[in-house]
Amino acid sequence: MNAATHSALPAVSVIMPVLNEERHLRNSVRHILEQDYPGELEVVIALGPSADRTDAIAAELVAEDPRVHTVPNPTGRTPAALNAAIKASRHPVVVRVDGHGMLSPNYIATAVRLLDETGAANVGGIMHAEGENDWERAVAAAMTSKIGVGNAAFHTGGTAAPADTVYLGVFRREVLERQGGYNIEFIRAQDWELNYRIREAGHLIWFSPELRVSYRPRPSVRTLAKQYKDYGRWRRVVTRYHRGSVNLRYLAAPAALLANAAGIVVGAALTPWALLVPAAYVAGITAGSLPAGRGLPVGARLRVPLALATMHMCWGFGFLTSPRSLARRVIASRRPAVTDQERTEPADV
1 MNAATHSALP AVSVIMPVLN EERHLRNSVR HILEQDYPGE LEVVIALGPS ADRTDAIAAE
61 LVAEDPRVHT VPNPTGRTPA ALNAAIKASR HPVVVRVDGH GMLSPNYIAT AVRLLDETGA
121 ANVGGIMHAE GENDWERAVA AAMTSKIGVG NAAFHTGGTA APADTVYLGV FRREVLERQG
181 GYNIEFIRAQ DWELNYRIRE AGHLIWFSPE LRVSYRPRPS VRTLAKQYKD YGRWRRVVTR
241 YHRGSVNLRY LAAPAALLAN AAGIVVGAAL TPWALLVPAA YVAGITAGSL PAGRGLPVGA
301 RLRVPLALAT MHMCWGFGFL TSPRSLARRV IASRRPAVTD QERTEPADV
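Using UniProt numbering, you'd call the opening residue of the sequence shown number 1 and step up by one each time.
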């Protein structure tokens with residue numbers, strides 16, 4: 001690539017919301033700074049109130065490389081962190097990365113090319129879960145299998161195509177600013193809500209399997225359970241926020257939870273035949289774990305059914321117990337999409 005091509009490449013801001021990320025933050029930032037992208041690059045880390053060494057590691061990164069900056073996020077909320085980082089950054093392309101995500105070497109170069117080729121406002125790709133021990137490898141297998149997450153393209157792959165939402169995202173800054181950034185009421189699912197407004201404004205969201213981010217799964221059953229409970233809780237908020245967004249994939253885990261619970265209660269109180277329902281579920285996820293765990297060490301393969309059950313049951317529990325009051329508060333904060341004709345000046349984020 002010649003010097004003229006280098007100078008034509010847009011400068012890129014990478015924004016990172018972090019909270020208690022001492023384990024992965026340095027490696028995640030290294031994957032950004034070592035990108036195969038000759039254009040100008042900056043990294044803005046939004047620091048939540050961590051209880052570990054995250055802030056100290058971030059300070060070291062700032063001292064080591066002038067491209068790295070930090071901004072405070074006293075709320076600890078992801079959408080507030082993202083908005084703070086957007087406001088503190090300055091380049092025309094904005095790349096979101098989480099503190100436990102590892103970009104593939106050509107991620108930014110590929111994303112910039114796709115923005116140009118497709119005209120999209122936001123492009124994203126595959127959330128490629130990778131573990132570092134047997135439990136994390138089991139979770140990664142569950143998270144990349146259809147029995148674990150259904151047919152979500154950003155988990156299991158697929159062909160390049162327009163999408164409702166994408167994992168993380170690489171945005172045109174002017175679109176982000178025009179929409180006023182992320183809605184801070186969406187503690188989870190903030191990507192979906194922002195992409196919903198972007199699409200309402202007439203812009204394209206594009207999924208491509210060329211884009212890949214390695215993701216480190218939660219390190220324990222407890223943290224995975226909380227993650228998926230929150231996912232289910234906020235997916236219910238999304239279905240109440242936008243009635244047309246519900247589909248059978250979202251109802252599978254709540255239905256499985258209700259069926260298993262009913263089978264256990266009826267089996268204990270009335271007839272043991274009802275215990276066939278939870279038994280069938282256990283048999284199903286055990287059978288499904290065999291292809292999902294193919295090629296893994298024995299210890300990891302044995303843990304895949306537990307990972308699947310934790311994801312299904314906790315997602316279903318979060319969905320079923322999601323309070324209407326939460327959805328009402330979020331709906332009250334609804335931001336209308338802003339089209340190019342409606343605003344000529346950037347919004348505060």
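Beta carbons: idealized from backbone N, C-alpha and C, even for Gly.
Requested in this report: Give me the Cα-Cα distance between S104 and R236, rounded to the nearest whole angstrom.
Outcome: 32 Å
Query raised in the report: DSSP three-state call for P291: helix, strand or coil?
Result: helix
Query raised in the report: Which same chain residues, not among the five before or five after T5, have their C-beta less than 7 Å away from its C-beta?
Result: The pLDDT assigned to T5 is 49, lower than 50, so where the model puts this residue is not dependable; a value taken from the coordinates is nonetheless given after this. Closer than 7 Å at Cβ, skipping near neighbours: no residue.
Query raised in the report: Taking the Cβ atom as the reference point for each residue, do V139 and A307 lie within a distance shorter than 8 Å?
Result: yes
Query raised in the report: Does DSSP classify S245 as helix, strand or coil?
Result: helix
Query raised in the report: DSSP on V149, reduced to helix/strand/coil?
Result: helix
Report task. Determine, using beta carbons only, whether P92 and A11 come nearer to each other than 8 Å. Result -> yes
Query raised in the report: Is the CB-CB distance between L82 and P17 below 8 Å?
Result: yes
Report task. For the region 215-234 and the region 262-278, state whether three or more C-beta atom pairs, one from each stretch, are separated by less than 8 Å. Result -> no
Query raised in the report: Taking Cβ positions, are residue 359 and P217 nearer each other than 8 Å?
Result: Because the chain here runs from 1 to 349, residue 359 falls outside it and cannot be looked at.
**Report entry** Range covered by the beta strand (DSSP E) that runs through V166
**Finding:** No beta strand (DSSP E) holds V166; DSSP gives it neither H nor E.
Query raised in the report: Taking the alpha-carbon positions, what's the R199 to L41 distance?
Result: 27 Å
Query raised in the report: E42 bridges to which residues according to DSSP?
Result: S13
Query raised in the report: Is the beta carbon of V71 less than 8 Å from the beta carbon of A63?
Result: no
Query raised in the report: Under the DSSP definition of a beta bridge, which residues are partnered with V94?
Result: S13, F171
Query raised in the report: Looking only at C-alpha atoms, which of A287, I264, G288 sits nearest to V277?
Result: I264
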